[in-house]
Every structure is written in structure tokens, then in C-alpha cells.
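Position in the sequence shown (first residue = 1) + 97 = this note's numbering. Worksheet: one structure, shown below.
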Amino acid sequence: MHEIRLNEIYDPFDMTHMTMSGEFEYKQTIEIDKGIYVDFDVNDAPVSIEMIMASKHFGLLSRNFENAKKEGKIMITHESIRFEMHVHFMKRLISIDREISNDFGIESGQYSFSNY
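Next up, the structure:
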């Protein structure tokens with residue numbers, strides 16, 4: 098499994114943008130669910146995650162989401178793309194799990210990510 102350390106930018110409009118450190122060549126953006134987008138590079142590796150109304154996906158207040166530790170996995174097969182994200186807040190683990198059909202030709206792979 099490839100591990101990716103993401104740099105997070107959170108804005109006051111409850112949008113979070115986590116981007117891989119370093120340079121990459123952008124290929125495409127895939128909408129995983131309403132308000133959840135993953136960018137892939139030319140090697141079909143996920144390089145960026147953007148969440149609109151991020152705190153709402155986890156049932157948290159925006160200020161609590163902003164300061165929480167976040168981690169997850171992106172698992173890609175020829176059939177599907179699965180996105181899991183976990184937020185650690187006050188000794189609680191809050192998770193989302195979404196899966197879509199891989200109609201984009203993204204190569205198989207498993208990636209873990211975190212903002213810490």
C-alpha cells in the first residue's frame with residue numbers, strides 16, 4: 098500500500114483541500130460523492146482530495162473538523178474506486194465509506210493518506 102502525507106488547507110467556507118507534497122502531473126478529477134473529489138496524476142495515483150462542506154460529511158461543527166486528525170484509504174480495482182476517510186475527534190472515530198464504479202480507467206492500487 099502506498100502511503101501519502103497530505104498537506105491540508107481548510108477555509109472558512111467549510112471546504113478542505115488536501116494535496117500531496119511534491120510535484121505531479123495532473124490527469125483528472127473524479128467525483129466520489131456529492132462534494133468529495135479526488136484528483137489523480139498521470140500515473141493514476143491520487144494526489145489531492147477536496148471536500149465541500151467537509152464537516153457535514155462527518156456530522157461535526159466546522160471548527161471541530163478543521164482541527165481534527167484525518168486519515169483514510171483509496172482502494173482502486175478495475176471495477177471500483179473505494180474512498181474511506183476517518184476523523185479523530187475527542188476520542189471518537191467518525192468515518193465515511195463511499196464506493197463508485199471505476200468507469201475512468203484508473204489503474205488498480207491501494208493508497209493510504211493522512212494529514213499528520
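Here a beta-carbon is modelled for each residue, glycine too, at the ideal position from N, C-alpha and C. Values in this document were obtained by computation on a predicted structure and should not be read as measured data.
Taking residue i as part of the alpha helix (DSSP H), name the residues at either end of that continuous run.
i: GLU163; result: 159-163
Looking at the unbroken beta strand (DSSP E) that takes in residue i, where does it start and where does it end?
i: LYS167; result: 166-173
i: LYS153; result: Counting along the chain, LYS153 falls outside any beta strand (DSSP E), though it belongs to the alpha helix (DSSP H) covering 151-155.
i: MET117; result: 112-117
i: VAL184; result: 177-186
i: LYS124; result: 123-130
i: ASP141; result: Per DSSP, ASP141 belongs to no beta strand (DSSP E) and is neither H nor E.
i: GLU105; result: 99-108
i: PHE210; result: 206-211
i: ILE191; result: 189-198
At the level of alpha carbons, what is the spacing between residue i and residue j?
i: HIS154; j: PHE121; result: 28 angstroms
i: ALA151; j: GLY132; result: 8 angstroms
i: TYR123; j: MET187; result: 36 angstroms
i: MET117; j: ASN140; result: 14 angstroms
i: ASN199; j: ASP111; result: 28 angstroms
i: MET148; j: GLU105; result: 11 angstroms
i: ASN161; j: ALA142; result: 29 angstroms
i: ARG189; j: THR126; result: 31 angstroms
i: PHE210; j: LYS167; result: 8 angstroms
i: TYR54; j: ASN164; result: What is shown of the chain runs 98 to 213, which leaves residue 54 out entirely.
i: GLN207; j: PRO109; result: 31 angstroms
i: MET115; j: HIS175; result: 25 angstroms
What is the C-beta distance between residue i and residue j, in whole angstroms, given that I count them as a contact (C-beta under 8 angstroms)?
i: HIS183; j: GLY169; result: 6 angstroms
i: ILE178; j: SER205; result: Wrong, their Cβ atoms sit about 10 angstroms apart, outside the cutoff.
i: ILE220; j: VAL135; result: Any question about residue 220 goes unanswered here, given that the chain covers just 98 to 213.
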